[in-house]
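Residue numbers (this note's numbering): 133 to 356.
A short worksheet on the structure shown next.
Below, the structure written as structure tokens:
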């Protein structure tokens with residue numbers, strides 16, 4: 133039997149650069165949420181990539197994330213409505229617990245994380261994809277939001293957060309372009325909420341242009 137006939141729920145994949153507001157938007161959508169950042173590899177994993185020319189672990193590389201486990205959780209949620217997920221501590225780069233996630237009969241849920249776009253093709257092939265979105269905004273705003281959040285939560289050392297923050301701000305437009313190429317529709321928060329509401333209502337998903345124009349360049353005043 134095909135995946136389309138066996139799936140009882142579908143997923144909206146919500147991607148975007150770190151600090152773009154994925155978690156807050158997912159909460160506003162009013163749907164069950166799967167936190168894809170909980171599928172990061174642990175800090176002692178020998179396969180973790182490094183930032184080029186640095187001893188820092190590159191937590192912004194998809195190689196630092198367990199895509200297979202994330203897709204398995206998405207598929208199980210779509211098929212049965214529940215799954216066991218890890219609880220990940222970014223501060224300690226480790227999985228500290230597990231928990232049961234139950235979407236309570238919902239026909240749609242949001243899976244959000246910086247690597248969500250990396251599994252768009254796989255979710256489409258499984259027949260469980262409702263939509264795939266990439267939040268985009270002003271890199272300077274994302275930088276401030278990300279740094280304040282990471283400092284407040286004590287995610288890493290201040291020096292590490294500043295190094296990462298500047299690197300991500302310079303790379304942000306390329307990050308959005310990559311996620312768009314992987315199949316995520318680039319949009320601001322208001323449009324993302326509209327598309328999610330449409331999918332939840334069972335309406336026709338807004339058509340995504342095949343060649344969506346890139347975000348216009350702005351002056352250079354500009355998880356995990």
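Glycine included, each C-beta is placed from N, C-alpha and C at the ideal position.
In this text the structure is predicted, and so the values were computed from the model without any measurement.
Here the C-alpha atom of residue 248 lies approximately 13 Å from the C-alpha atom of residue 205. Per the coordinates, the alpha-carbon of residue 174 lies some 21 Å from the alpha-carbon of residue 278. Residue 259 places its beta carbon 8 Å or farther from that of residue 141. Under the three-state reduction of DSSP output, residue 216 falls in the strand class. Note on geometry: alpha-carbon atoms of residue 165 and residue 317 lie some 19 Å from one another. Between residue 328 and residue 149, the CB-CB gap reaches or exceeds 8 Å. Rounded to whole angstroms, residue 302 and residue 199 show a C-alpha spacing of 26 Å.
For residue 151, the closest alpha carbon among the candidates 333, 261, 271 and 178 is that of 271. DSSP places residue 160 inside the alpha helix (DSSP H), whose first and last residues are 154 to 160.
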